[in-house]
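**Student:** Structure incoming, see below.
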Amino acid sequence: MGVPVILSEYRDSLADADRPAAGMRGNRGGSFFLVERDEILGELGGLLTDADQGRGRLAIVDGPLGSGKSRLVHEFLESLEPAGARVLRATASLREHQLPCGVVTQLLHGMTIPSPDRDRMCALLSSAVEHTVTDGEFAGGDPQAHVLGVFQKLTVELARLAETTPLVICVDNAHYLDAPSLHFLAGMVPWLHRARILVLLTDDQTLRRPRTSVPARLLLRSPNALHLTLNLLSRNGVHTLATRLLGPHIATPRLTAELHGISGGNLLAVQTLIVDQQAGGATYPEGYGQALLDLVAHCRPSMLSVVRALAVLGGAAEVADVARLAGVGATVATEDLHALAGAGVLTERHAFRHPVAVTTVLEDMPADGRATLHRAAAELLHEAGAPALTVARQLMGAADPGIDCATEVLVAASREALTTGDVETARDCLDLARRTGTDGPTAAGIRAGLSRLEWQLTPQVAVRHLRTRLADFTAGHLDRLEISELVLGLAEAGALDELTTLLDTLRTRSHQGAAPGTEDIRPLTTWAAMAYPLHTGLRKLAHSVGAAAPEAAPCYDPWLPSALALADDLVRGRTDQLVHRAALLLGTFHLDHGSLWNAESATLALRALLHANRVDEVVAWCEKLEAEAADHHAVAWQGRFLALRAEAHLRQGRLTHAHDLAARALALVPPQGWGTGLAAVLGCAILAATRSGRLALAATYVAQPVPEQAVHSRYGTQYLHARGHYRLATHHPQAALADFLACGRLAETWDAAGVDTVPWRTSAAEAWLAQDDQEQAKRLVRDQMARLQPGLSRDRGLCLRTLAAVSRVNRRPQLLTEAVDLLKDSGCDYELARALIDLSTAFRDIGDQRNARRVAHRAWHLARQTGAEYLCREAGLDPVDPESVSSAKQRQDALPSLTMQERRIALLAVKGHTNREIAAKLYITASTVEQHLTRVFRKLNVKRRQELPYIL
């Protein structure tokens, strides 16, 4: 069928049917669901024909829960012609299992029996019921002679009634028959061979009790009985049903295979899953869990208890554990699990087929009952020696550490979770352990561990622990790592008074003798002074400690000494050693959630490489670490590496990428979660937006409040430098100058240029130039050039570009040409574009229009590539010749024909590198470069290098 059918309207649909048997009408809309059931329907039609000819039969339709027994019998009975057969119906249920003659009463009150006959038979039945109740014969024992006589008279009455019209007696759910009704049907079976009666029962042998009942054996093993078994739907059957109801475009082989795998072929489960799909798939596959609940809702109470116990135990468990938790015997639990597995809703190993069932069943339970089961499961699993994390999940499910050993279990479980990178679960374990009521060093250790993980997951929440952890420090309950992480947390939160007091206390303790944390007093004070360069108290403390304290003792945490050593190299200006140490650390680095100094050491190492202009390495490392942090949901660390990658792209001049990454980082971690790092990521976003000409966007970042401590921290230079350029771009040179000079006060607190410094002197010189004060600008540029270290091509190029602005007109081309050559090697395309624009202007000022236009072309394309559209306007030309649009399009189409090596060489040529320079960069000969460029020119149909930017 090509059109999907709505389930609620299935009865209005018609399907082709085979020729009906005697007394039967054509098939109705319900046949839509009768997939793989045609053979059984045919068997029932044949049995009705036998009965019509005086050869009565007993038909038993057997099948597991949810296999569609009731639906099939209903459709069969609905297909009978009103005049072709008289139908008596009854439904047995667990609720009425103890009601004597309940099923027989339903049968005899059917409206198809003529009124006089019905009254007479009901009167007979009433006397039987009276004797049964009085004598207590309703539990499967032999009825008295009076009752047997009544049952025989009723059988004779029904046989007489069938003489004119065949009689169909249908009992649904025969496995729940009350004992007297079972005796009645068993006594009727011997009469069938000479009566026009068809007895039709639906049965599930997995639910039948008692299984050894004598009447049950007589009924089910009668020679007149025909057993018809409903099997679970095959994969093809599920596909057929899904195609009918969803249409062939939705019911793909992949979907139907998934439907079959989740449902196990259970018709009810399949239909519920299809309803989910018809609703748009938003709730798929929740229907599996709901179908499971619907099935057990009408079964014996033990089955619901077993399913709930199985869900609490995670959807798969040993039968003995399920039985104990459910409060039933092992035999009962086995029978219930076997019934559910036979119905397809559990696997052969008695496990849920999809995790959604666990959620559905647990949510269906009352909250207090669910918590009670979780606590019982925790005790059961702990006694059985289950892993701590398995027991802890039960305690977290109960949201209550209600067992004696909860503290030890939860702390151990947190460690187990961390070994697998499951930081959230580790945090949740410690959060629950915190509520166990323990105190002293154990409680302090739990708070320290919880704080450590919250700094990674929800740093805006982790601040709440600082006050209690300071109290733990004062009480002497913290170990060496916990003290060092408290120092880190106080610094991140900007709690400088508390930080200074703690470090001073550590210094006092170190004078009094060995104590936890005193081993690291020297590097910790050095690191704190590096984090807040302008804080006089921290600087004095670091100086006094550095002169008196010994070197730090060996530490079992490898990241703490690494981070502190990097900080010491930074503050003391040991640039070469700093970069070497950073490269060594990153060479074996991995995320370690057991120490906050892990991320701090990586941050310092990456900033060291960034300062050394090893930008590509920084980008690669940040991408790797960011992905790893995201996998572990450590959003604070993920945001930190995103921000570092943004800074690396900003240094390369990739303004759009830099801004987008910074914006992602800010969206990932709320402002109050960044601590002092907010200054760095906001500075990156401001500078990227400003340089790309999006001043309105930059204004939104400038408007965000930044804590004063963050501005005075090691990241303050980045924020102030960025805000200064925004103010310069918005024509506020005096305010910009104030920001740049503030950068200088921060940067000059280090012994030499550190990894967090910025080119504040050249920026301040630009601010002075904007106020027409060339002398001040020249003084700053010369001061900067005198301080430059060998190899800093970027900083030297910036100085030469600014120096050209305060030099004579005829000297500017030479200075700017040298600046361009240096900036080409620095990798910062934005600064290179600015230098090229200035060089073009310088050529124009001395009357060299040809070179001015040539350089302007390069500048325009480079600015366009970086995302600095306003620089394109400053280039003062439209590089696209309208007459060459068609040929440019042809060249664009030819780009895929270039090899990777040809692309690399062409790109370097576009940036102005000579053949010899390209050869040196790519470790090939100049002749090879010339040959590659010749092929590039031929493939792209260009004649000179100046045409390459049009298409690259």
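Numbering follows the working numbering, in which position 557 of the sequence shown is assigned residue number 792; successive positions increment by one, without gaps. All C-beta atoms in this analysis are idealised placements derived from N, C-alpha and C, irrespective of residue type, glycine included. Keep in mind that this is a model prediction, so the values were computed, not measured.
Would you kindly report the start and end of the unbroken alpha helix (DSSP H) that includes A428?
**Tutor:** Position 193 of the sequence shown, counting from 1, holds the residue named residue 428. Residue 428 is actually His in this sequence, not Ala. If you look at H428, you'll find it isn't in any alpha helix (DSSP H); DSSP assigns it neither H nor E.
**Student:** Bridge partners for R324 per DSSP, in chain order?
**Tutor:** Locating residue 324 in the sequence shown gives position 89, counting from the first residue. Its beta-bridge partners are C405.
**Student:** Candidates V1090, R1069, H573: which alpha carbon is nearest E1104's?
**Tutor:** Taking the first residue of the sequence shown as position 1, residue 1104 is located at position 869. Among V1090, R1069, H573, the Cα nearest to that of E1104 is on R1069.
**Student:** Please say whether L813 and L801 have beta carbons closer to each other than 8 Å?
**Tutor:** Mapped onto the sequence shown, residue 801 falls at position 566. Mapped onto the sequence shown, residue 813 falls at position 578. Cβ atoms of L801 and L813: closer than 8 Å.
**Student:** State the DSSP-derived secondary structure class of V904, mapped to helix, strand or coil.
**Tutor:** Along the sequence shown, one-based indexing puts residue 904 at 669. Looking at V904 - three-state DSSP - the assignment turns out to be coil, as it is neither helix nor strand.
**Student:** In chain order, which alpha helix (DSSP H) runs of at least 4 residues are fully inside the stretch 275-307?
**Tutor:** Listed in chain order, there is nothing to give.
**Student:** Cutting at 7 Å between CB atoms, please list the residues of its own chain near L282, excluding the five before and the five after it.
**Tutor:** Residue 282 sits at position 47 when you count from the first residue of the sequence shown. Result list for L282: R292, A294, L433, L461, in chain order.
**Student:** What residue does the beta strand (DSSP E) around L463 start on, and which one ends it?
**Tutor:** Counted from its first residue, the sequence shown places residue 463 at position 228. For L463, the uninterrupted beta strand (DSSP E) segment begins and ends at 460-464.
**Student:** Ignore the nearest five residues each way along the sequence and tell me which others in F876's own chain have a CB closer than 7 Å to its CB.
**Tutor:** For the purposes of this step, residue 876 is identified with residue 641 of the sequence shown, where counting begins at 1. Contacts found: C857, L860, E861, A864.
**Student:** Apart from the five residues just before and just after L436, which ones in its own chain have a Cβ nearer than 6 Å to its Cβ?
**Tutor:** In the sequence shown, counting from the first residue as 1, residue 436 sits at position 201. Within the same chain, L436 has close Cβ partners I295, V406, A409.
**Student:** Taking Cβ positions, are R949 and M765 nearer each other than 8 Å?
**Tutor:** Taking the first residue of the sequence shown as position 1, residue 949 is located at position 714. Taking the first residue of the sequence shown as position 1, residue 765 is located at position 530. It is a contact, given that the beta carbons lie within the stated cut-off.
**Student:** In whole angstroms, what is the alpha-carbon distance linking G264 and Q512?
**Tutor:** Locating residue 264 in the sequence shown gives position 29, where the first residue counts as 1. Locating residue 512 in the sequence shown gives position 277, where the first residue counts as 1. Its pLDDT being 43, under 50, G264 is placed unreliably by the model, and nothing is read from it.
**Student:** One question on the structure: do V658 and L616 come within less than 8 Å of each other, judged by their Cβ atoms?
**Tutor:** What you label residue 658 is simply residue 423 of the sequence shown in a count that begins at 1. What you label residue 616 is simply residue 381 of the sequence shown in a count that begins at 1. Taking 8 Å as the Cβ cut-off, V658 and L616 do not qualify as a contacting pair.
**Student:** Leaving out five residues on either side along the sequence, give the residues of the same chain with a beta carbon under 7 Å from the beta carbon of V322.
**Tutor:** Within the sequence shown, the letter at position 87 stands for residue 322. Closer than 7 Å at Cβ, skipping near neighbours: L312, L315, T347, V403, C405.
**Student:** Going by C-alpha distance, which of T740, P415, T582 is nearest S361?
**Tutor:** The residue given as residue 361 occupies position 126 in the sequence shown. Among T740, P415, T582, the Cα nearest to that of S361 is on P415.
**Student:** Would you identify the three-state DSSP class for L930, choosing helix, strand or coil?
**Tutor:** Taking the first residue of the sequence shown as position 1, residue 930 is located at position 695. Correct three-state label for L930: helix.
**Student:** Confirm, please, whether the CB-CB distance from R610 to L1192 is below 8 Å.
**Tutor:** Missing from the structure shown is residue 1192; the chain here goes from 236 to 1187 and no further.
**Student:** Which residues share a DSSP beta bridge with L206?
**Tutor:** Nothing can be reported for residue 206, as the shown portion of the chain is limited to 236 through 1187.
**Student:** Give me the residue from L1097, P349, A327, R1151 with the minimum Cα distance to L890.
**Tutor:** Counted from its first residue, the sequence shown places residue 890 at position 655. Out of L1097, P349, A327, R1151, L1097 has the C-alpha closest to the C-alpha of L890.
**Student:** Round the Cβ separation of V916 and A900 to the nearest angstrom and send it over; I've been treating them as touching at under 8 Å.
**Tutor:** The count along the sequence shown starts at 1 and reaches residue 916 at position 681. The count along the sequence shown starts at 1 and reaches residue 900 at position 665. Confirmed, about 5 Å.
**Student:** One question on the structure: do V505 and L468 come within less than 8 Å of each other, judged by their Cβ atoms?
**Tutor:** Sequence index remark: in the sequence shown, residue 505 carries index 270 (1-based). Sequence index remark: in the sequence shown, residue 468 carries index 233 (1-based). Against a cut-off of 8 Å, the Cβ pair of L468 and V505 comes out as a contact.
**Student:** What would DSSP say about L581, mapped onto helix, strand or coil?
**Tutor:** Here residue 581 is taken as the residue at index 346 of the sequence shown, counted from 1. Three-state DSSP puts L581 in a strand.
**Student:** What residue from A697, I681, H884 has the CA that sits closest to Q707's CA?
**Tutor:** By one-based count along the sequence shown, residue 707 stands at place 472. Position check: residue 707 holds Asp in this sequence, whereas Gln was assumed. Among A697, I681, H884, the Cα nearest to that of D707 is on I681.
**Student:** Suppose you measure from the CA of R744 to the CA of A683; what does that come to, to the nearest Å?
**Tutor:** Residue mapping note: residue 744 aligns to position 509 of the sequence shown, counting from 1. Residue mapping note: residue 683 aligns to position 448 of the sequence shown, counting from 1. So the two alpha carbons sit approximately 21 Å from each other.
**Student:** For F824, which of helix, strand or coil comes out of DSSP?
**Tutor:** Numbered from its first residue, the sequence shown carries residue 824 at position 589. In the three-state DSSP reduction, F824 falls in the coil class, being neither helix nor strand.
**Student:** Per DSSP, what kind of secondary structure is L831 in: helix, strand or coil?
**Tutor:** As a first step, residue 831 must be located in the sequence shown, where it is residue number 596. L831 falls in the coil class under three-state DSSP.
**Student:** Please name the residue, chosen from G1082, E365, P401, T400, that lies closest to V385 on a Cα-to-Cα basis.
**Tutor:** Indexing the sequence shown from 1 puts residue 385 at position 150. Per the Cα distances, E365.
**Student:** F373 to D439, Cα distance in whole Å?
**Tutor:** For the purposes of this step, residue 373 is taken as the residue at position 138 of the sequence shown. For the purposes of this step, residue 439 is taken as the residue at position 204 of the sequence shown. Because F373 sits at a pLDDT of 44, beneath the cut-off of 50, its placement in the model cannot be relied upon, and the point is left open.
**Student:** Relative to the C-alpha of L799, which candidate in G337, E835, F824 has its C-alpha closest?
**Tutor:** Start at 1 with the first residue of the sequence shown, and residue 799 comes out as number 564. Selected option, being the one with the closest Cα: E835.
**Student:** Do you know how far the Cα of T1163 is from the Cα of R1170?
**Tutor:** Numbered from its first residue, the sequence shown carries residue 1170 at position 935. Numbered from its first residue, the sequence shown carries residue 1163 at position 928. Between R1170 and T1163, the C-alpha separation is close to 11 Å.
**Student:** Spatial neighbours of R559 within its chain, please: C-beta separation below 7 Å, excluding the five flanking residues on both sides.
**Tutor:** Position 324 of the sequence shown holds residue 559. Around R559: L615.
**Student:** What residue range is occupied by the uninterrupted alpha helix (DSSP H) comprising N1086?
**Tutor:** The count along the sequence shown starts at 1 and reaches residue 1086 at position 851. 1084-1101 is the span of the alpha helix (DSSP H), which, as asked, contains N1086.
**Student:** On the premise that L1015 lies in contact with A999, defined as a C-beta separation below 8 Å, what is that separation, rounded to the nearest angstrom?
**Tutor:** Residue numbering aside, residue 999 sits at position 764 when the sequence shown is read from its first letter. Residue numbering aside, residue 1015 sits at position 780 when the sequence shown is read from its first letter. Between L1015 and A999 the Cβ distance is about 5 Å, and since that is below 8 Å, they are a contact.
**Student:** Whole angstroms is fine: what's the gap from E852's alpha carbon to L844's?
**Tutor:** For the purposes of this step, residue 852 is taken as the residue at position 617 of the sequence shown. For the purposes of this step, residue 844 is taken as the residue at position 609 of the sequence shown. Cα to Cα, the separation comes out at about 8 Å.
**Student:** Where does L705 sit, in a helix, a strand or coil, going by DSSP?
**Tutor:** Residue numbering aside, residue 705 sits at position 470 when the sequence shown is read from its first letter. Looking at L705 - three-state DSSP - the assignment turns out to be helix.
**Student:** Determine the DSSP secondary structure at E392, reduced to helix, strand or coil.
**Tutor:** For the purposes of this step, residue 392 is identified with residue 157 of the sequence shown, where counting begins at 1. DSSP places E392 in helix when its eight states are reduced to three.
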